[in-house]
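Chemist: The structure's right below; bear with me while I get my questions together.
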Amino acid sequence: MLNWFRRLFPLGLLFWSTGQGSEPVEQLDELRWASRVLLVFAVDDQDPRVIAISESIREARCDVAERDLVFGRVLLTGESRIGENELSVEAAARLRGRFQLAEPGFRVLLIGKDGGVKSSYDSVPDLDDVFRLIDSMPMRIREAKSRSTPCSG
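In the numbering used here, the protein residues as written are 1 to 153.
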């Protein structure tokens with residue numbers, strides 16, 4: 001009986017709305033064509049990998065902004081966010097389901113402006129590698145040609 005519940009519980013969350021802010025799918029859809037998203041999935045914000053990637057993002061804020069990259073963290077316990085938007089516990093669970101992350105382990109996903117997963121990491125990625133991957137994308141190449149960098153100089 002418990003296995004049955006575990007299988008159906010995520011499906012139920014997809015159809016249940018708490019009324020607390022934007023739903024995660026809507027938030028990601030709202031970012032489509034405007035931002036890339038680096039989503040970190042973890043148990044809580046005390047995970048040293050979450051702390052490390054959060055610090056790296058803060059230190060590279062100029063490079064992050066230049067690439068229209070939004071940082072998100074989806075946690076089992078604690079505050080989950082995408083950019084400035086807080087996610088409810090239910091919304092975080094739906095996001096785990098959307099990306100088929102049933103295990104409560106650590107995972108980082110790079111989601112492109114088109115909404116597709118561009119890369120998946122089981123450990124903290126080197127941000128320079130993430131930036132190189134983004135910079136190799138056709139949309140980013142066009143962006144780099146058509147606008148000045150906000151952080152240069």
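We put the CB at the ideal spot given by N, CA and C, even for glycine.
Between the C-alpha atoms of Q27 and K118, what's the straight-line distance to the nearest angstrom?
Modeler: Stepping through the sequence shown from its first residue, residue 27 is reached at position 27. Stepping through the sequence shown from its first residue, residue 118 is reached at position 118. Cα to Cα, Q27 sits roughly 18 Å from K118.
Chemist: Buried or exposed: R58, going by 16 or more other Cβ atoms within 10 Å of its Cβ?
Modeler: Position 58 of the sequence shown, counting from 1, holds the residue named residue 58. The residue in question, R58, is exposed, as its Cβ has fewer than 16 Cβ neighbours within 10 Å.
Chemist: Give a yes or no on whether the C-beta atoms belonging to F131 and R49 are separated by under 8 Å.
Modeler: Sequence index remark: in the sequence shown, residue 131 carries index 131 (1-based). Sequence index remark: in the sequence shown, residue 49 carries index 49 (1-based). Not closer than 8 Å, so no.
Chemist: Compare the Cα-Cα distances from R67 to each of S35, L110, I111 and P138 and report the closest residue.
Modeler: For this step, residue 67 is matched to residue 67 along the sequence shown. Taking only the C-alpha atoms, the option nearest R67 is S35.
Chemist: How far does the beta strand (DSSP E) with G97 in it reach, from first residue to last?
Modeler: For the purposes of this step, residue 97 is taken as the residue at position 97 of the sequence shown. Here G97 belongs to no beta strand (DSSP E); instead the alpha helix (DSSP H) covers V89 to R98.
Chemist: Pop quiz: D129 and T77 are said to be a contact at Cβ under 8 Å. What is the actual Cβ separation, rounded to whole angstroms?
Modeler: Counting from 1 along the sequence shown, the entry for residue 129 is found at position 129. Counting from 1 along the sequence shown, the entry for residue 77 is found at position 77. Not quite, the Cβ-Cβ distance comes to about 29 Å (not below 8 Å), so this is no contact.
Chemist: V37 lies in the beta strand (DSSP E); which residues open and close that run?
Modeler: Start at 1 with the first residue of the sequence shown, and residue 37 comes out as number 37. Its beta strand (DSSP E) spans residues R36 to A42.
Chemist: Cβ of F41 versus every heavy atom of the ligand ZN: is any distance shorter than 7 Å?
Modeler: In terms of ligand content, the structure shown is empty, and the ligand ZN therefore cannot be addressed.
Chemist: In the DSSP assignment, what are the bridge partners of F71?
Modeler: For the purposes of this step, residue 71 is identified with residue 71 of the sequence shown, where counting begins at 1. F71 is bridged to L38.
Chemist: If we ignore side chains and look at the alpha-carbon of each, how far apart do R61 and R98 end up?
Modeler: On the sequence shown, position 61 is the one that residue 61 refers to. On the sequence shown, position 98 is the one that residue 98 refers to. Distance between the alpha carbons of R61 and R98 is about 28 Å.
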